[in-house]
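Residue numbers (my numbering), protein chains in the order written: chain V, 1 to 370; chain X, 371 to 740; chain Y, 741 to 1136; chain E, 1137 to 1532. Virtual Cβ for every residue (Gly too), placed ideally from N, Cα, C. In what follows, a structure is listed as structure tokens, so that the remarks can point back to it.
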Amino acid sequence: MDFSLSDEQAMLKDSVMRFVGDRHGFDKARAHATAADGFSRDDWARFAELGWLMLMIPEAQGGIGGRLEDAAILMEGFGRGLVAAPYASTAVVAAGLLARAGGADDLLADIAGGEALVALATEEARSRYDLLHVETEARVADGGFVLRGAKIVVPDGASADRFIVSARLSKTIALFLLAADAPGLEIRRYRTIDGRRACDLAFADAPARLLMHDAAETLSRAVDEASLLLAAEAVGGMQAAIELTADYLKTRQQFGRTLSKFQVLTHRVADMFVKLENARSMLLRGLAAAGGGSAEARAAAVSATMVTIIQAGEFVCGQAIQLHGGIGMADENAVGHYYKRLRAIARTYGDLDFHRQRHLRLTVGDRSAA
Amino acid sequence: MDFSLSDEQAMLKDSVMRFVGDRHGFDKARAHATAADGFSRDDWARFAELGWLMLMIPEAQGGIGGRLEDAAILMEGFGRGLVAAPYASTAVVAAGLLARAGGADDLLADIAGGEALVALATEEARSRYDLLHVETEARVADGGFVLRGAKIVVPDGASADRFIVSARLSKTIALFLLAADAPGLEIRRYRTIDGRRACDLAFADAPARLLMHDAAETLSRAVDEASLLLAAEAVGGMQAAIELTADYLKTRQQFGRTLSKFQVLTHRVADMFVKLENARSMLLRGLAAAGGGSAEARAAAVSATMVTIIQAGEFVCGQAIQLHGGIGMADENAVGHYYKRLRAIARTYGDLDFHRQRHLRLTVGDRSAA
Amino acid sequence: MDLSFSPADEAFRHEIREALRGLVPPDMARRTRQGFHPTKADLKLWNRILNDHGWAAAHWPREHGGSGWTPLQVHIFEEECAAADAPFPSYFGLRLVGPLLYTFGSEAQQCRYIPDILTGDTFWCQGFSEPSSGSDLASVRTTAVRDGDTYVVNGQKLWTTEAHYADRMFCLVRTDPDLPPQKGGLSMLMFPMTTPGITVRPVITIDGGHSVNEIFFENVRVPAEELLGAEGQGWDHAKFLLANERITNAHVPRAKRDLALLKEMAAREAAEQGGGLDLDEVDRRIAQLQIDLDGLEWSVLREVIGGSGNPAIASGLKIIASELQQRMTELAVDIVGVRGRIAYDEADLDRNDLPGNPPDYVPGLAARQLFLRATTIYAGSNEIQRGIIAKQQFGL
Amino acid sequence: MDLSFSPADEAFRHEIREALRGLVPPDMARRTRQGFHPTKADLKLWNRILNDHGWAAAHWPREHGGSGWTPLQVHIFEEECAAADAPFPSYFGLRLVGPLLYTFGSEAQQCRYIPDILTGDTFWCQGFSEPSSGSDLASVRTTAVRDGDTYVVNGQKLWTTEAHYADRMFCLVRTDPDLPPQKGGLSMLMFPMTTPGITVRPVITIDGGHSVNEIFFENVRVPAEELLGAEGQGWDHAKFLLANERITNAHVPRAKRDLALLKEMAAREAAEQGGGLDLDEVDRRIAQLQIDLDGLEWSVLREVIGGSGNPAIASGLKIIASELQQRMTELAVDIVGVRGRIAYDEADLDRNDLPGNPPDYVPGLAARQLFLRATTIYAGSNEIQRGIIAKQQFGL
């Protein structure tokens, strides 16, 4: 066991920290949020140049073959800088699924080059984060497959040019690939509370390419990994929110004193720090479980991580607003954006209730198996 | 609706506050706690002189016919002064049950005169506060009744000379009366965490007098009223603990300043006060529900009160210890005794889990009936 | 001590409930339930409807246009209004400047302003907070310098709620820079928002909504007769308002209605979402909220009926109520699952193809949850309230 | 970065587990599980057994009698000891004065004391807190005045854990009343508890137990050679100990064992109590504790392996661990229902007619819960820790 960064990881960290400009990027982040895509295409091209978009593509398929910890380093930086680019969804989750499915090397190359944005669509109106609750159906038509059904709130979906979609194929869950301009596919794009762009998808016999059948466990692993990347982003966001708050306390005057003279406020910052460091530990524990062991152990550990992240995020970023007072409520201040991003993360791929239930079922709750 | 005290209530309050000596009674309370009974027989005789022991006996049966609010005023004072006398159990609960049962005027007169101590025994090894879970059985023998079974942790049981016992009689729950020296009754006396004296009872065909059959609702009401009296005691105890703490902060020096200069500590006291006042409101609400309305509404309201009291007690008295620091952990300091009494109250007639479940069942949880 | 609602109280409740039946236009009721900031049109219309029944200022004394009801009756009335999904009438006229005027104002000022407050023809806003004085009113810097028959106002206000709805402002200003605010340095002025030199800048809050503003004053000339009471009384006026505010801000009637809606929402979501929602856990949270709301309600009843007037009690109510409002909307957003991530646009609400295809109770929740983070900050942050309690109640 | 336990680590765990099998006498294991303060006899015996295997000071460097294991191996070893229901060895020799001695002590002092610490033949106690300085060590008032070859100690200590077990004390004293404690005013002396002039008064804590004491010094003469390091270094010694303490005090191995026992207890109580226990709610609380304990364990691993040495991190561990220990015992008492009200007498534990006729896991719980209120107070209260974090991490 060794918690220190390798040389490559240290470089990666250095590189992303330089990119987000040591959290001076809020004006840029806000400008991107009001753009049509909700993020910067220029940044995305830069990511390709830096090799970040091929980091998680296996070497055999032309990538760097990085590990989840490496992507987590990038995501922590993105969290710090409120970077809204669809990194986790395209460059990790979609790239990973395409690599495992095989036969998609061209698309992987496009992802690596920054030319393709691929989003994973799993959530449905009645699924409540359960990946096995899939009402979208696939059937054979004209020698290929067509999809019928609907997906909602697809992360980074509004700017995606392709979608990976889970659908029921006979009795199992399969993954399909289709383009955003596929016939029979209707897309409704919109903003989420964190200013990012999601979409709903409606499939009316939309033709799609089968990527993988019997994909339940592959999908579950991919989404667990995506959750951990969001956890890393959350850790970066919390850290930035705490630092902004500590800085604010040192400058703001009330009742004739700087706020840093008020012990209840400084102790609140201490509690925020304690929750952040605990969340960071749980992120590492989740990454460890994703690196080996059984599917059940991984799922339980990821849910434990997410429970911690969600609880910490609500406290840390909520209190960051509280300690800023009125100005923390203003959209023109950065701190509220961390809060909103944390709340969005807390309801992507699973919420507190979902992760608690899943963790409980896989650990103490399973008394029949004990 | 009127929250002000009547003249009689104001006198009662004045009288009990004088008795507990404006919370200077800790040395006395400690001395009583180490005595065999865990309370003072002299005090008890004084209560009889003051008329407190006949307060809750109906006028028709020679008492004053007071209302539960009146007894609550006394109990709040007792809570403040850590008075361990078995007032609620004998003078309210037992007296009330005997009065409702009828035919026990002599015993009621003895209670009023301070000559009889009667305890109610309902709890069993497997009942977990459920008054309807009764395994003790009564059967007819020699023209009377005998009991077989066992009760545990009888409040104020160690000093009682008589017991009112719930037992199963054919299919219903009945109440029986028997003396502490009844044949076939074995008593094991012991201390509880608050220094009071409880007991276990084992009945081996112990002869007992039938007080009331089909007594489930009467018993439930009596125990709800007893809970509210403990709630009143808890309010008095919390108030005393807060005042002790505020006083301590004004005198104790640390790091070259009095503790009252540390904002986190004074704000903690503020939070304690907020919880106390909220608990006081819920006590009043519980008393209101006990005064009228349906049995279900009463039970739900009493459980809501107890949930609040138990939560407030743990916080208020736990933090009273915390703010005292080390000295709060010493048995020779008063503040820990309030904590222990609150924790004992929190597991008498019901605990947080029991009251939450009962409240939930009677309110939101009952979706089938909605 | 009499802890029960009397038969007369129950009869009154029944009467009000009957009288309110059908009084709230259905689309207004729907908007209220959805929880976005109320529109000016809704506030105006509901004010007028209330006034038609003599209820606009139910909580005022009869001699000033109030109902003359007992405090308990007022409480029952407000509870029934909330249960009927009526919006809470605009705060600044009816709750703040109205009572200020009939307590401290001249007869001329009362005649000039009170009638239009009752009808809802004039909307007010409150110029208190400033960029450098959020919770610290003593540090107000906006100045008013006497120049003959007028005051000349310069400075800046922030967090001015409904300034963009308002016709007039009552405004805390420094009339004497040499006196401490608590000792006569502050005064209260009233003036139209159309007075030359006033600029209103919208401040968008984290929910994406526009309810507060920043106000700039540049040589704004206000006739001296628009001074409330005497010069230098501003601190007393502010204290009077803050004490009132902490109890009204408990918003028990609205919270009771919100909790009832929450229960309905949980049942519907559970039915429609096929088992994914952990209804047991939701029920536990609702039960705890119910218990805490019961406590708050009885604390408010103790205060409005018993009237301790203890500032520590009022501060405690503010703390409990603000945290309760936050917890309630947090639960509401949790209940609706992934749709709680969607930023619904108020302007789109009449479309039938909203993102996520949500049930009707969903769209306003996420924004309302975000906005309610302000409850523990505004009207004196909860940290300020704890300081008041420690000092007032315990001398700490 | 390598986040996994290596096969070698797993093999080590297996080896330790096997070696520990049967090593803890069953009655000692039962007493440990029951959670009363450990007896001196148990501590002594277990110390000797550990020493027979060379494990008494597993966490020390090999050159001083330690195991030479990696920090991760030490962690695994302690986890396995806790899982075997071994008592945690007496703290003051093995955790505190031992490391002090091999870091700051003279060779003579090391030779004199360390062997008996390893065998458990000498028990130590720590004279730090005083009546007027609980969390504030800078205000220590106990004086030691040099008189030829000896120091004469006068004053008073409080909260001295295991002083009634101890053969010797290491004691923080003021050797220079004119220097600030941080600048050389304090020193550390070591002396036998039998030295004339020492009086030990038991302090009974709210659990009814006796684990702490008050100590009075009246002209206690201590040879100058019993000074640790140089005169005036006491502040450095105290800081060295406090930093160690905050991580050891996390007590993760014991907490893991307690949580496992809690799960068993909940299952047995539910089975025996016929439905009265809300097992769903208990499971939820256990699951949250499990998650929080996982976080604490990985934070400790990060610190013992990565070794940031950041005092803010150590303070954070102390806060989390102390609150976790409290929550765990609170749940334990809640699980056992009305029996949680009974004050079991440690002396009666071998009787088979205990009050309430409890299952064997019940008797120590209520007392332990009460005693653990001290965890958020001792070793620098959690408020002190928050102050450290604010200052060290953020300059606040």
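According to the DSSP secondary-structure assignment, E:Gln1292 is paired through a beta bridge with E:Phe1352. Within the segment 879 to 910 of chain Y, no residue places its CB atom closer than 9 Å to a CB of chain X. Less than 8 Å separates the beta-carbon of V:Val153 from that of Y:Val1078. Proximity of X:Leu654 to chain Y, defined by a Cβ-Cβ separation below 8 Å, is satisfied.
For X:Ile543, the pairing in a beta bridge is given by DSSP as X:Arg538. As for any beta strand (DSSP E) of minimum length 3 sitting wholly inside the segment 276 to 318 of chain V, there is none. Inclusion of V:Leu55 and V:Ala31 in the CB contact set at 8 Å is not warranted, their separation being larger than that value.
Chain-order list of chain V residues neighbouring X:Gln633: Phe262, Gln263, Val264, by C-beta distance under 7 Å. Using a C-beta cut-off of 8 Å, the segment 560 to 575 of chain X makes contact with the segment 511 to 531 of chain X, since at least three inter-stretch Cβ pairs fall below that distance.
Proximity to X:Ile557 across X:Gly565, X:Asp564, X:Ile563, X:Leu548 peaks at X:Leu548, based on C-alpha coordinates. Using beta-carbon distances, E:Asp1489 counts as an interface residue toward chain X, with a partner under 8 Å. Excluding sequence positions up to five before and after X:Ala489, its CB lies within less than 6 Å of the CB of Ser459, Val524, Asp526, Gly527, Ala530, Phe533, all in the same chain and listed in chain order. Here X:Gln727 carries a helix assignment [DSSP, helix/strand/coil]. Bridge pairing for X:Ala511: X:Gly514 [DSSP]. It is roughly 16 Å from the alpha-carbon of E:Asn1385 to the alpha-carbon of E:Asp1428. DSSP places V:Val335 in the uninterrupted alpha helix (DSSP H) bounded by 334 to 345. Contact between the segment 334 to 349 of chain V and the segment 240 to 257 of chain V is present: 3 or more CB-CB pairs across the two stretches fall below 8 Å.
Residue burial is scored here from C-beta neighbours: Y:Cys821 has at least 16 other C-beta atoms within 10 angstroms and is therefore classed as buried. Each of E:Asp1303, E:Pro1332, E:Arg1282, E:Glu1350 was checked against the Cα of E:Asp1312, and the nearest Cα belongs to E:Arg1282. When only Cα atoms are considered, V:Asp224 and E:Glu1433 end up about 22 Å apart. With 16 or more other Cβ atoms from the protein chains shown falling within 10 Å of its own Cβ, V:Lys275 counts as buried. When Cβ-Cβ separations below 8 Å define contact, Y:Arg1024 makes contact with chain X. Per the Cβ contact rule, the segment 716 to 732 of chain X is in contact with the segment 597 to 605 of chain X (3 or more Cβ pairs under 8 Å). Between E:His1373 and E:Phe1240, the C-beta spacing is below 8 Å. DSSP, reduced to helix, strand and coil, places X:Phe573 within a strand of the structure shown. By the criterion of a C-beta distance shorter than 6 Å, X:Ala418 is surrounded in its chain by Gly483, Gly484, once the five residues flanking it on both sides are discounted. Interface annotation for the segment 486 to 500 of chain X against chain E: Glu493, Ala495, Arg496, Ser497, Arg498, Tyr499, Asp500, criterion Cβ-Cβ distance under 9 Å. Within its own chain, the residues whose Cβ lies closer than 8 Å to the Cβ of X:Arg668, once the five positions on either side in sequence are excluded, are Arg591, Asp594, Ala659, Ala660, listed in chain order. Using a Cβ-Cβ cut-off of 8 Å, X:Thr733 counts as an interface residue toward chain Y, since at least one Cβ of chain Y sits closer than that to its own. Between Y:Asp749 and X:Gly663, the alpha-carbon positions lie close to 16 Å from each other.
A distance of 8 Å or more separates the beta carbons of X:Val605 and X:Ala640. The C-beta separation of E:Arg1463 from E:Leu1425 comes to about 6 Å, placing the pair in contact by the 8 Å criterion. When beta bridges are read from the DSSP output, E:Glu1266 appears opposite E:Ser1269. Around the beta carbon of E:Ala1396, fewer than 16 other beta carbons sit within 10 angstroms, so the residue counts as exposed. Leaving aside the five residues that flank E:Pro1267 on each side, the residues in its chain whose CB is nearer than 7 Å to its CB run, in chain order, Gln1292, Leu1294. Across the segment 333 to 362 of chain V, CB contacts with chain E closer than 8 Å involve Arg356, His359, Leu360, in sequence order along the chain.
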